[in-house]
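Here the protein sequences come in this chain order: L and R. Take the first sequence: its position 413, counting from 1, is numbered 413 in our numbering, and each next residue is one higher. Take the second sequence: its position 222, counting from 1, is numbered 222 in our numbering, and each next residue is one higher. Below: the structure, in structure tokens.
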Amino acid sequence: MSREKREGGGLLLPRRQFVRTVAGSAAMLAGSLAGAGTARAANPDNLPPNEPEWAKALGPGVDATPYGMPVSYEAHVVRRWVPWLTASSESSVNFTPLQDLHGFVTPNGLCFERHHGGRAEIDPADHRLIIHGLVERPIMLTVDDLKRMPSESHFYFCECAANSGMEWRSAQLNSVQFTHGMVHCAQYTGVSLRTLLDYVGLKPNAKWVLAEGADAAAMTRSIPIEKALDDCMVAYGQNGEALRAEQGYPIRLVVPGFEANMWVKWLRRLEIGDQPWYTREETSKYTDLLPDGKARLFTWVMEAKSVVTFPCPEKPLNGPGYYTIRGLAWSGYGRIKRVDVSVDGGRNWQTAKLVEPVLPKCLTRFELPWRWNGEGALVVSRAIDETGYVQPTMYELQKVRGVESIYHNNGQQVWEVKPSGEVENVRLKYAS
Amino acid sequence: MSVSNMRPEGLVFGLAALVLLPFSGVAGEDFGLGVTPTPEQIAGWDKDVRPDGVGLPPGRGTAAEGEPLYLEKCAVCHGEFGEGIDRWPVLAGGFDTLKHQWPEGRPEKTVGSYWPYSSTLFDYIWRAMPFPEPKSLTPDEVYAIAAYVLYLNDIVGYDEELNQDNFAKIAMPNRDGFVPDTRPDVPVGGEPCMKDCPVDTTIIGRAAPLQVTPEDKKEPAVD
Chain L
1 MSREKREGGG LLLPRRQFVR TVAGSAAMLA GSLAGAGTAR AANPDNLPPN
51 EPEWAKALGP GVDATPYGMP VSYEAHVVRR WVPWLTASSE SSVNFTPLQD
101 LHGFVTPNGL CFERHHGGRA EIDPADHRLI IHGLVERPIM LTVDDLKRMP
151 SESHFYFCEC AANSGMEWRS AQLNSVQFTH GMVHCAQYTG VSLRTLLDYV
201 GLKPNAKWVL AEGADAAAMT RSIPIEKALD DCMVAYGQNG EALRAEQGYP
251 IRLVVPGFEA NMWVKWLRRL EIGDQPWYTR EETSKYTDLL PDGKARLFTW
301 VMEAKSVVTF PCPEKPLNGP GYYTIRGLAW SGYGRIKRVD VSVDGGRNWQ
351 TAKLVEPVLP KCLTRFELPW RWNGEGALVV SRAIDETGYV QPTMYELQKV
401 RGVESIYHNN GQQVWEVKPS GEVENVRLKY AS
Chain R
1 MSVSNMRPEG LVFGLAALVL LPFSGVAGED FGLGVTPTPE QIAGWDKDVR
51 PDGVGLPPGR GTAAEGEPLY LEKCAVCHGE FGEGIDRWPV LAGGFDTLKH
101 QWPEGRPEKT VGSYWPYSST LFDYIWRAMP FPEPKSLTPD EVYAIAAYVL
151 YLNDIVGYDE ELNQDNFAKI AMPNRDGFVP DTRPDVPVGG EPCMKDCPVD
201 TTIIGRAAPL QVTPEDKKEP AVD
């Protein structure tokens, strides 16, 4: 991984080297995917009636791993990136391995990364949060100041607006990690943004909040005051520990249900104003171009979406018999109400079981038992959220938005299961 | 406090809080934490520029002055004419392409063809460019380089001076190209079909094998 990162991240690679880098990483990926799918042959010496080797010798003691890492047999469960998607690794993205996750929480080290100027590594002693603009009293806070205030903890999903963005035109990437892996879900701990805004006192004409990051990109987004006063947080904790550097350590903004770009990492400044700033990330980027040449502006909410994570291209089937179809569903508007699953491409549907807890603006796990008869199948899921919104087909989305809007692709994902058990990302016609 | 996360008893309190607190400085807890930043401290970080020109620093520059700076600091990635080298962003051209759709063509979104406000160009270059050395440019350099990028897009003249007073007033070609979010834009509500649904399940696309190296720029990108 690190070798490609260095090569792919280098500036202006000669063409030949570029091709080699990409081919190398594709081969590596194919290898790791195959490894993930096939059951490894067991060593009979460790199987009954024999005593396995680990039952006959001592293991490492409690001083071996002060910070525990996953067992070596799970080493394939990592974030992956596609070097040719972007010009540099500092302005790029890697993807959460959804195919290997259990439950609805994403481990901190597996949460996808999207940086616009690389990952800042900040000494909290050198970090400040300034809140100023249309406020009664501007304030400058340390991270310790924030930790002395009352805290909240909530589980939320965080999805990049460009998740599934490569799939608009047709089926493109044969991997659930790459088609849907720009989402993660974690428990965030921090101070409610409302608490901070009450503390500084908003002036009557306060309508927008500009959030700014301390990284090289100095990421900035305008957030409407209604959202800022609703459920946003300035978080310092993620899944029980401090934020990881790549997730914004020491503090990040949490904007539940809204596109991840607004969850400004390495947060250093909140400016209150009476109009939006129209920053580069809310004009040039993160606007949704329609076939008539007009673009939608301020498309913040991530609408209801779901994807089957087993089976999927990385997780083929191993012969006919009993399986549990599994997947994840989420909605920026609240709770998931229902998920339906079809194994014939959407002709007939069954309602899946939602695995508790079912929380608002949070990943929700669903499951459906399936006896596979060994014939070809088209597996697809559709989520329905508490507003009654039904996750659309790609056909329905394309009819309205064309194929060039990049962002907010929440269309249904279809996997073709072949008689061999292999699984491929396919696009169905759907028009009737 | 998240109103949407609260159970009914909490919801009442949550809504009451929304009514009472939004625009007053009196209701918040006086933590006595933090310090009042000095105007200099705020000014050091507060470099954002709005479409109405608020935030533009004193300074000036022309495309003629910006050309050598651009060639030295920007062209290695964005190209001498803003055409973008390899997969680095394209900064110029793309006019009349916004209606293009794959596979017939593709939209080329650039500063000239897409950006609604010139203020965004100043703001962005000042905070984030040049990519390997962000926040290294002086206001005069930003005025001059931004003028050159606008010149590459035929928006300002080569010797036209841009400054604090006129920069935000530059008319951008796609100023009226943006519309509000009207989602949900697909059929919503109602009971979706569960049995014998009339859908054509013909496979019309398959994921490309990962080994295929895409042609520069012709492939979809992460933006």
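C-beta: ideal position from N, C-alpha, C; glycine also.
Go ahead and label L/E281 buried or exposed: buried means 16 or more other beta carbons lie within 10 angstroms of its beta carbon, across all protein chains shown. Against the first sequence, residue 281 of chain L aligns to sequence position 281. Buried is the call here.
Distance, Cα to Cα, L/R427 vs L/A161? Mapped onto the first sequence, residue 427 of chain L falls at position 427. Mapped onto the first sequence, residue 161 of chain L falls at position 161. Cα-Cα distance, rounded: 21 Å.
Taking only beta-carbon positions, decide if R/G79 is within less than 7 Å of chain A. Of the chains in the structure shown, none is chain A; the protein chains are L and R.
Taking buried to mean at least 16 other C-beta atoms within 10 Å of its own C-beta, is L/A27 buried or exposed? One-based indexing of the first sequence puts residue 27 of chain L at position 27. Confidence at L/A27 is low in this model, with a pLDDT of 37, below 50, so the placement of that residue should be treated as unreliable; the coordinate-derived value is given next. Burial call: exposed.
Please report the distance separating the alpha-carbon of R/D196 from that of L/P150. Counted from its first residue, the second sequence places residue 196 of chain R at position 196. Counted from its first residue, the first sequence places residue 150 of chain L at position 150. Those two C-alpha atoms are separated by around 54 Å.
Cutting at 8 Å between CB atoms, please list the residues of its own chain near L/N410, excluding the five before and the five after it. Looking up residue 410 of chain L in the first sequence gives position 410. Answer for L/N410: S164, M302, E303, A304, K305, Q391, P392 and L397, listed in chain order.
In this structure, how does DSSP classify L/T351 when only helix, strand and coil are distinguished? The residue given as residue 351 of chain L occupies position 351 in the first sequence. Strand, per DSSP.
Could you please give the first and the last residue of the uninterrupted alpha helix (DSSP H) stretch that includes R/W126? Against the second sequence, residue 126 of chain R aligns to sequence position 126. Where R/W126 is concerned, the enclosing alpha helix (DSSP H) stretches over S119 to A128.
Cutting at 7 Å between CB atoms, please list the residues of its own chain near L/L196, excluding the five before and the five after it. Working through the first sequence from its first residue, we reach residue 196 of chain L at position 196. Sequence-distant Cβ neighbours of L/L196 in its own chain, meaning closer than 7 Å and more than five residues away, are I131 and V234.
Contact set for L/N373: own chain, Cβ-Cβ below 8 Å, skip 5 residues either direction: Locating residue 373 of chain L in the first sequence gives position 373, where the first residue counts as 1. Closer than 8 Å at the Cβ level, and outside the excluded window around L/N373, lie P320.
Under 8 Å: do the region 171-183 of chain L and the region 207-215 of chain L share three or more Cβ pairs, one atom per stretch? no
Between which two residues does the beta strand (DSSP E) holding R/T38 run? To locate residue 38 of chain R, count along the second sequence from 1; it is residue 38. R/T38 -> no beta strand (DSSP E), and no H or E assigned at all.
Looking only at its chain, what residues have a beta carbon closer than 6 Å to the beta carbon of L/R269, apart from the 5 residues adjacent to it on each side? Taking the first residue of the first sequence as 1, we reach residue 269 of chain L at position 269. So the list reads I130 and E212, once near-sequence residues are dropped.
Shorter than 7 Å from the beta carbon of R/W102 to some beta carbon of chain L? Against the second sequence, residue 102 of chain R aligns to sequence position 102. For R/W102, the answer is yes, since a Cβ of chain L falls inside 7 Å of its Cβ.
Quick check on L/G421: does DSSP put it in helix, strand or coil? As a first step, residue 421 of chain L is located in the first sequence; it is residue number 421 there, counting from the start. The answer is coil: DSSP assigns L/G421 none of H, G, I, E or B.
Under a CB-based cut-off of 7 Å, is R/A128 close to chain L? Numbered from its first residue, the second sequence carries residue 128 of chain R at position 128. Yes, R/A128 lies at the interface with chain L (some Cβ there is under 7 Å from its Cβ).
Can you confirm whether the region 292-301 of chain L touches the region 251-263 of chain L when touching is taken to mean that 3 or more C-beta pairs between the two stretches lie within less than 8 Å? yes
Checking contacts by CB at 7 Å: is R/V156 closer than that to chain L? For this step, residue 156 of chain R is matched to residue 156 along the second sequence. Chain L contact via Cβ: absent.
Less than 7 Å between CB atoms is the rule here; does L/Y430 satisfy it with respect to chain R? What you label residue 430 of chain L is simply residue 430 of the first sequence in a count that begins at 1. So yes, L/Y430 belongs to the interface.
If we count the other Cβ atoms within 10 Å of its Cβ and call it buried at 16 or more, is R/T138 buried or exposed? Here residue 138 of chain R corresponds to residue number 138 of the second sequence, with the count starting at 1. It is exposed - the Cβ of R/T138 has fewer than 16 other Cβ atoms within 10 Å.
Since L/I251 is in the beta strand (DSSP E), which residue starts that stretch and which ends it? The sequence position of residue 251 of chain L within the first sequence is 251, counting from 1. Note, L/I251: premise wrong, no beta strand (DSSP E); not H, not E.
How many Å lie between L/I225 and L/E386 at the Cα? Stepping through the first sequence from its first residue, residue 225 of chain L is reached at position 225. Stepping through the first sequence from its first residue, residue 386 of chain L is reached at position 386. In a straight line, the C-alpha of L/I225 is about 24 Å away from that of L/E386.
Can you give me the C-alpha to C-alpha distance between L/A64 and L/H154, rounded to a whole angstrom? The sequence position of residue 64 of chain L within the first sequence is 64, counting from 1. The sequence position of residue 154 of chain L within the first sequence is 154, counting from 1. Taking the straight line joining both Cα atoms gives about 33 Å.
So if I threshold CB-CB distances at 9 Å, which residues from the region 163-189 of chain R count as touching chain L? N174, D176, G177, F178, V179, P180, D181, T182, R183, P184, D185, V186, P187, V188 and G189
Given that L/P97 touches chain R, what residues does it touch there, using C-beta distances under 9 Å? Taking the first residue of the first sequence as position 1, residue 97 of chain L is located at position 97. For the C-beta of L/P97, not a single chain R residue is nearer than 9 Å; the gap to the nearest is close to 15 Å.
Is it buried or exposed for R/T36, if we count other Cβ within 10 angstroms and need 16 for buried? If you number the second sequence from 1, residue 36 of chain R lands on position 36. The residue in question, R/T36, is exposed, as its Cβ has fewer than 16 Cβ neighbours within 10 Å.
Straight-line CA distance for L/W349 to L/D100? Translated into the one-based positions of the first sequence, residue 349 of chain L becomes position 349. Translated into the one-based positions of the first sequence, residue 100 of chain L becomes position 100. Between L/W349 and L/D100, the C-alpha separation is close to 25 Å.
With a CB to CB cut of under 7 Å and the five nearest residues on each side skipped, what residues in its chain are close to R/S24? Here residue 24 of chain R refers to the residue found at position 24 of the second sequence. Note on R/S24: pLDDT 43, under 50, position unreliable in the model; the coordinate value appears next. Result list for R/S24: empty, nothing under 7 Å.
Please report the straight-line C-alpha distance between R/L91 and R/H78, rounded to a whole angstrom. Locating residue 91 of chain R in the second sequence gives position 91, counting from the first residue. Locating residue 78 of chain R in the second sequence gives position 78, counting from the first residue. In this model, R/L91 and R/H78 are separated by some 7 Å (Cα to Cα).
Three-pair Cβ contact test at 8 Å for the region 146-153 of chain R versus the region 66-77 of chain R: yes
Taking 7 Å as the limit between beta carbons, can you name the residues of its chain near L/A431, skipping five residues before and five after? Numbered from 1 along the first sequence, position 431 holds the residue referred to as residue 431 of chain L. Closer than 7 Å at the Cβ level, and outside the excluded window around L/A431, lie Y395.
Length of the line joining the Cα atoms of R/S230 and R/W126: For residue 230 of chain R there is no data in the structure shown, the boundaries of chain R being 1 and 223.
Nearest-angstrom Cα separation, counted from R/G157 out to L/W81: Along the first sequence, one-based indexing puts residue 81 of chain L at 81. Along the second sequence, one-based indexing puts residue 157 of chain R at 157. In a straight line, the C-alpha of L/W81 is about 42 Å away from that of R/G157.
Taking all protein chains shown into account, do 16 or more other C-beta atoms lie within 10 angstroms of the C-beta of R/P51, making it buried, or fewer, making it exposed? As a position in the second sequence, residue 51 of chain R is number 51, starting the count at 1. That one is buried.
Need the endpoints of the alpha helix (DSSP H) that L/V341 sits in, please. Position 341 of the first sequence, counting from 1, holds the residue named residue 341 of chain L. L/V341 -> not in any alpha helix (DSSP H); beta strand (DSSP E) instead, spanning I336 to S342.
If you run the structure through DSSP and keep just helix, strand and coil, what is L/Q398? The residue you call residue 398 of chain L lines up with position 398 of the first sequence. Looking at L/Q398 - three-state DSSP - the assignment turns out to be helix.
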